[in-house]
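Have a look at the structure below, then the notes.
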Amino acid sequence: MKAASFLMTGTAMALAMTPALAQEMSTDMTIVSWGGAYQNSQNEAYVKPYLEMNPDVSVTWDESSNEAVAKLRAMNEAGNITWDLVDVVASDAIRLCDEGLALEYNPDQLLVPGDDGTPASEDFGDLIVSDCFIPQIVYSTTAAYRPDLLPEGAPAPTSICAMFDLETYPGKRTLERRPINNMEWALYCDGVAKDEIYDVLGTPEGQDRALAKLDTIKDEVVWWSAAAEPPQLLADGEIVMGSSYNGRWFSAIEEQDQPFEMLWDMQVFDLDGWIIPAGLEPAALNRVVDFVRFATDTQRLADQAAYISYGPARASSAPLVGEHAELGIAMGPHMPTDPANSENTLLYNYTFWADYRDDIDAKFQSWLVQ
Amino acid sequence: MADAIDTNTGTTRADRRAEAADTGPVLASDGTPLKASLRRALRAQKLRALMLVAPLLVFILVTFVAPIADMLFRSVENQIVSQTLPRTTAELQGWESDSGDLPSEDTYRALLTDLTLAVAANTHTRLGSRLNYEQSGMSSIFRQTGRNIDDVAAPYLDNFEALDPRWVEPGTLAALMTDPDYFAAARAWREENPVGPFGGGATYDQPIRLNPGIGELLPSAAAIFRDWAEYVRVENSAVVGDEEPWSLFYLRLYQDLLNVSEADLGAYDGPQSDLLLETKRMLDQFQPVSIRDRFIEVDAGWGNPDIWATIKVYSPSYTSGYFLNAVDMQLNAEGVSMQPEDERIYGILFKRTMFMSLMITGSCILLGYPIAWLLANLPMRTANLLMILVLLPFWTSLLVRTSAWKVMLQQQGVINDILVWLGVVGDESRLIMINNQFGTIVAMTHILLPFMILPLYSVMQTIPPSYLRAAKSLGATPFTAFWRVYFPQSVPGIGAGSILVFILAIGYYITPEIVGGTSGTFISNRIAYHISSSLNWGLAAALGSILLGAVLILYWAYDRIVGIDNVKLGG
Chain A
1 MKAASFLMTG
11 TAMALAMTPA
21 LAQEMSTDMT
31 IVSWGGAYQN
41 SQNEAYVKPY
51 LEMNPDVSVT
61 WDESSNEAVA
71 KLRAMNEAGN
81 ITWDLVDVVA
91 SDAIRLCDEG
101 LALEYNPDQL
111 LVPGDDGTPA
121 SEDFGDLIVS
131 DCFIPQIVYS
141 TTAAYRPDLL
151 PEGAPAPTSI
161 CAMFDLETYP
171 GKRTLERRPI
181 NNMEWALYCD
191 GVAKDEIYDV
201 LGTPEGQDRA
211 LAKLDTIKDE
221 VVWWSAAAEP
231 PQLLADGEIV
241 MGSSYNGRWF
251 SAIEEQDQPF
261 EMLWDMQVFD
271 LDGWIIPAGL
281 EPAALNRVVD
291 FVRFATDTQR
301 LADQAAYISY
311 GPARASSAPL
321 VGEHAELGIA
331 MGPHMPTDPA
341 NSENTLLYNY
351 TFWADYRDDI
361 DAKFQSWLVQ
Chain B
371 MADAIDTNTG
381 TTRADRRAEA
391 ADTGPVLASD
401 GTPLKASLRR
411 ALRAQKLRAL
421 MLVAPLLVFI
431 LVTFVAPIAD
441 MLFRSVENQI
451 VSQTLPRTTA
461 ELQGWESDSG
471 DLPSEDTYRA
481 LLTDLTLAVA
491 ANTHTRLGSR
501 LNYEQSGMSS
511 IFRQTGRNID
521 DVAAPYLDNF
531 EALDPRWVEP
541 GTLAALMTDP
551 DYFAAARAWR
561 EENPVGPFGG
571 GATYDQPIRL
581 NPGIGELLPS
591 AAAIFRDWAE
601 YVRVENSAVV
611 GDEEPWSLFY
621 LRLYQDLLNV
631 SEADLGAYDG
641 PQSDLLLETK
651 RMLDQFQPVS
661 IRDRFIEVDA
671 GWGNPDIWAT
681 IKVYSPSYTS
691 GYFLNAVDMQ
701 LNAEGVSMQP
711 EDERIYGILF
721 KRTMFMSLMI
731 TGSCILLGYP
741 IAWLLANLPM
751 RTANLLMILV
761 LLPFWTSLLV
771 RTSAWKVMLQ
781 QQGVINDILV
791 WLGVVGDESR
801 LIMINNQFGT
811 IVAMTHILLP
821 FMILPLYSVM
831 QTIPPSYLRA
841 AKSLGATPFT
851 AFWRVYFPQS
861 VPGIGAGSIL
871 VFILAIGYYI
881 TPEIVGGTSG
891 TFISNRIAYH
901 ISSSLNWGLA
911 AALGSILLGA
921 VLILYWAYDR
931 IVGIDNVKLG
941 G
C-alpha cells in the first residue's frame, strides 16, 4: 500500500500546487472529445460557461476520442503532447493509466466536494475505476426494438433474452462486433446467474458456452461497429431489435420520433470521463486543473443531462437533473440510472476485460469469420 | 544520367583504343591518365546529380521510410521485459520451465526488487499489458501486485520493529544510512521548507550522499536505500528522515546483517552503530518468511509456473512472438505451436484479403475496359462529358459513397424494393447483398473503378484507330481485329490499372469496415484494431510487414510474368 500512496502524493503534489500558482495558467486548451451530440452537451454545459468566466481563454476541440489511446501513445513517444484534456471511456482510461500516459490524481484534492458537502471521492464513489479516471457520465449499452415489426400476438419483450429468442421474435437483430456485453448477455440467457457471469467467462469452457449461445442467432445478427448504425437499421426496418448506447436510442425516439421502444433489461453501465495526459507543462496543467474542477462540479454535471440522456457521475447531481434544453421533457426517466430503468443492470467489468479482452477477442473474431 | 552513361561508353571505347594502340595509358592534356581524369569528371557529375535529388531523397527517408521502418521494427522488438525486470530475467535463465516447479526464492527476491523499482517508475502496468498479449490475466497480476508491492516484504519490517522500535523511525534510519553532513543539511532544509497542507512542496536539490562506510558494511541495503531516497526526493519532494523506506529495504538489511560479521560491525563507529550491533546479536529471534509465499499471498498468479514460463520465454530483447501470432501460431514454454483451432483468424483473413482484392481487380477490369474504350473512341465532346461522370464519384467523399451503397443494397433498400416491386423476388425472400463479401466487392469496385479507367483510357488514347481499320481491311473479323491488334496494345493500361487497384484494395479499411459485415472484412481491419484499440502495436507491425511482403512478392511476380516495363500510366 505504501508504494501506491507514495505515488499518490507524488501526483497530488503537482495538482495541489495549483491554487498557489494560479497566475501561471496557459490561455489555450485543447480538449479531445467524441464530436456530435455528446461534445455539444459538454460545450453547452461547461465549456461555454467556463469561457464566459475566463474570457482570455480559448478552447480548441479535437474529435479524436475514438483513437485517443493510440494517438496519445504516439504523442508520448514523440515527446510532444498537444492535448490538454482527453475524454475517454473508462476502459481506455485504465489502459492509458497502465501505460503511464495519463496523470494519476487524488479525487479529494483535485475535485471539489459535492453541493451537499460530500467529498469527491465519495460523491463519485465506485465510478472512479482507475487512479487516472475523472468520471463525467454513466451511459449504458442497451437494447431497443420496434413494436410494429414484432409478429402479431407476440408479447412485448421484457428481457434481454428476447435477443436470443428467434421463435417468439423472428427477424434480424444487431449486436456490436466485439465480445464485450454480448458474451455476458449470452451467458445470462443461457442460465448463468448474474453474479457468476465473469467467473464462468474466465474459463475456456465458459467462453465456448457463450459463443455456442451466440451461435444460435449468428445467422440472424447484423454486427455493428459504429453506434449510429443500430438506430438507422431499426428505422429502416432492417432489424427488429438491437443494442446500442442509450443516448443514441433516446435521440432516435425523442428527437426523431422513431417508433422504438427501449428494453432496459440487463443494460450494461459504462463510464465516460476525462483523463489528463501525463507530461503536461505546469502552466497547461494548471489551466486544465482549473477547468476540470469547474467542469466536474455538481451543477455542471447535472446541466449536461439537459442536452443528452446520460446520467451524471456524481451522486449529488442526480436530484438536480431537469428538463431537456430544447424538447422540454423531463430527463430523469430517460436516464439509464433512473430506478425504473435500472431494475436489472450489469456494470462493465473493467478488470476482467483488461485481462481477457485480447484472448476472448481473438476467439470471438475467429468465431465470427468461420 | 543519360550523359553519364554515354560518357561511360566513351571511356570503354577510349580504353579499347588505347589497348589497341598498345602504347601505354592514354594521357589527358594535363598529363594524368585519361581513365582517371574521366572518372574524376564523372564523379563530379554524379555528385551533382545526387545533390539535385538529395532534398527529395532526404524528405522521403525522413518522412516515409524511417517511420515505416520504425513501425515495422516493433514487430520484433521486446526489450520491455528485460528492461523492466532485469534481475528477474537474469535469475530465470537458470530455471527450467518444464520442471513444473516454481522458480527459486532468489528469483522472487529479484522480482521484488525489480517490481519495487518498476512501481516507483510506474512501468509495471505497461509490462503487464505487454505480457497480457501472450497470456490472459498478466495485466491484473501486475496491477494487483504493483498496488501491494510494499506488503510483500512487510513482515521483515515488522520483525525489525519487534526487535527494536527505533527501526521504524524514519530519523533513525536516515541517520544510519546517510552522510551526517547531508542528513543535517537536509533536515535543516526541511525546517525552512515545511510540507504543505496536501504534502509535497519544493524539491530538495541535493542528490543523496550515503554514509561513508555503510556501503561496504551493508552493501545491498545501502543500494536500495539510495534508490529509494532519490525516488522520494525527486517524485515526492520528501527528504531523508521524512518517510519510512520501502519494506524491501528491511529485507535487504536482514540479509546484509546475516552476512556481516560481528567483528566488522563492532569496528564500525558511524551513527547508530550500537543499534546495528544489538540487532545483529538478536538476529536469532528474527522470523524470516518466504518472499515466494508472500508474492503468492498478494496474487495467487505468482504460484503458477505458466506465468513464469511466459516471462522467461519473452525475456529476450527480440522476439519472433508477434510474427508467429500473425500467422496463427504461438510461442510458449514448449516452443512454437499452432494456435488453438478456435483462435486462428489471421490465415483466413490474409487469404480472404488476397482473394477479394483479386476479385475487385478483376471486376474493375471487366467494367472499366469498355468504359475506357468508349472514352477513347467517342468524339471529344461526348468523351469529356463521360469523363466527368467517371471523375464525379472520384471527387465524392469515400464515406458518402460507401453509405450510399448501404442504402442501395440493404434488405429494405432500393434494389431489393425494385426487385420486389417487379416481382422478381418475394417480399419474404429479399436478397442479402450487404454486410457480406458481395457488398464489399460491389462497393469497393465502384470506389476503385476510376483507378482502372484512367490508366486504361490514357493508354487507349494512344492506339490509332487506323490499326483496327487496317486489320479489318486485311480480312480480320471484328473480334480477331480487337483481340490480335487492339487488345495487346492496351495491356500496359490493364497492367497499370491492376497494380493500382490491387495495391489500393489490399490495404483498404473503411469500406470493408462499414459494409463488410463478418465475411467481408480485410486484414487491415484487424491491423487497425490492434493499432487503435488493443494497443498491440507489435502484432499490428508484424501483420503489416507480412502484408507489405506479400505485395512486394506479387509485384515481383508481376514483373516476371508481365514485365514492369509494360506498365503505362499515360501516353
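Chains as they are written, first to last, in this note's numbering: chain A, 1 to 370; chain B, 371 to 941. All residues carry an ideal CB built from backbone N, CA and C; glycine is no exception. Every value quoted in this text rests on a predicted model; they were computed, and no experiment measured them.
Item                                                                                                                : Value
Close beta carbons around Phe568(B), own chain, < 6 Å, minus the five adjacent residues each side                   : Its pLDDT being 46, under 50, Phe568(B) is placed unreliably in this model, and the value from its coordinates should be taken loosely. Nothing listed; no residue qualifies.
Residues near Leu918(B) by beta carbon distance below 8 Å, same chain, minus five either side                       : Leu442
Nearest neighbour of Ala742(B), chosen from Gly887(B), Ile430(B) and Ala753(B) [CA to CA]                           : Ala753(B)
N- and C-terminal bounds of the alpha helix (DSSP H) containing Asp359(A)                                           : Tyr350 to Val369
Counterpart residues of Trp223(A) in DSSP-defined beta bridges                                                      : Leu175(A)
is_contact[Leu166(A), chain B] using C-beta, thresh 8 Å                                                             : no
Residue-level contact to chain A via CB, Phe568(B), 8 Å cutoff                                                      : Only weak support is given to the placement of Phe568(B): the predicted model assigns it a pLDDT of 46, under 50, and the question is left unresolved by the model.
Residue ranges of each alpha helix (DSSP H) within the stretch 463-520 of chain B, 4 or longer                      : 475-491, 494-502 and 508-517
Residues from the stretch 489-514 of chain B in contact with chain A, defined by Cβ distance under 8 Å              : Val489, Ala490, Asn492, Thr493, Thr495, Arg496, Gly498, Ser499, Asn502, Tyr503, Ser506, Gly507, Met508, Ser509, Ser510 and Arg513
Continuous beta strand (DSSP E) assignments of at least 3 residues falling wholly in the stretch 128-205 of chain A : 134-145 and 173-176
Beta-bridge pairing of Gln267(A) - partner residues as DSSP gives them                                              : Thr345(A)
Contact check, Asp92(A) vs Ala68(A), beta carbons under 8 Å                                                         : yes
Cβ contact (3+ pairs, closer than 8 Å) linking the stretch 895-909 of chain B and the stretch 66-80 of chain A      : yes
CB contact flag (Tyr356(A), Ser773(B), <8 Å)                                                                        : no
Contact belief for Leu85(A) with Ile160(A) at Cβ below 8 Å, rounded distance in angstroms                           : So it is not a contact: roughly 35 Å between Cβ atoms.
Residues that Leu621(B) contacts on chain A, provided the C-beta gap is smaller than 9 Å                            : Per Cβ cutoff of 9 Å: no residues; Leu621(B) is ~14 Å from chain A at best.
Ser889(B) at chain A interface by Cβ criterion, 8 Å                                                                 : yes
Three or more C-beta pairs below 8 Å linking the stretch 585-604 of chain B and the stretch 493-512 of chain B      : no
Cβ neighbours of Arg479(B) in the same chain (closer than 8 Å, five flanking residues each side left out)           : Leu621 and Ile661
Three-state secondary structure (DSSP) of Val59(A)                                                                  : strand
Contact the stretch 530-550 of chain B vs the stretch 611-628 of chain B: 3+ CB pairs below 8 Å                     : yes
Contacting positions in the stretch 797-830 of chain B - beta carbon closer than 7 Å to chain A                     : Asn805
Three-state secondary structure (DSSP) of Met1(A)                                                                   : In this prediction, Met1(A) scores a pLDDT of 33, lower than 50, which makes its location untrustworthy; the coordinate-derived value is nonetheless stated afterwards. Of the three classes helix, strand and coil, the one that applies to Met1(A) here is coil, per DSSP.
C-beta contact flag for Glu600(B) and Ile584(B) at 8 Å                                                              : no
Which of helix, strand or coil DSSP assigns to Ile741(B)                                                            : helix
Sequence-distant residues of its chain with Cβ nearer than 7 Å to Arg513(B) (five each side left out)               : Thr495 and Gly498
Whether Thr723(B) touches Ile893(B) by CB criterion (8 Å)                                                           : yes
Contacts of Ile934(B) in chain A (Cβ-Cβ under 7 Å)                                                                  : Simply none; closest approach about 34 Å.
Per-residue contacts from Ser366(A) into chain B (C-beta, under 7 Å)                                                : Asp712, Glu713, Arg714 and Ile715
Short Cβ contact (8 Å threshold) for Ser687(B) with Gln463(B)                                                       : no
Beta-carbon spacing of Val489(B), Gly516(B) below 8 Å                                                               : yes
Contact under 8 Å by Cβ, Lys336(A) with Ser140(A)                                                                   : The sequence given here has Pro at residue 336(A), not Lys. Going by C-beta atoms, Pro336(A) is nearer than 8 Å to Ser140(A).
Through-space distance from Gly640(B) to Ala556(B), alpha-carbon basis                                              : 18 Å
Neighbourhood of Asp416(A) by C-beta, 7 Å cutoff - its chain only, sequence neighbours within 5 removed             : Since the first residue shown for chain A is 1 and the last is 370, residue 416(A) is missing from the structure and cannot be characterised.
Contact with chain B by Ala156(A), beta-carbon distance below 8 Å                                                   : no
Separation of Pro582(B) from Asn54(A), as counted between CA atoms                                                  : 56 Å
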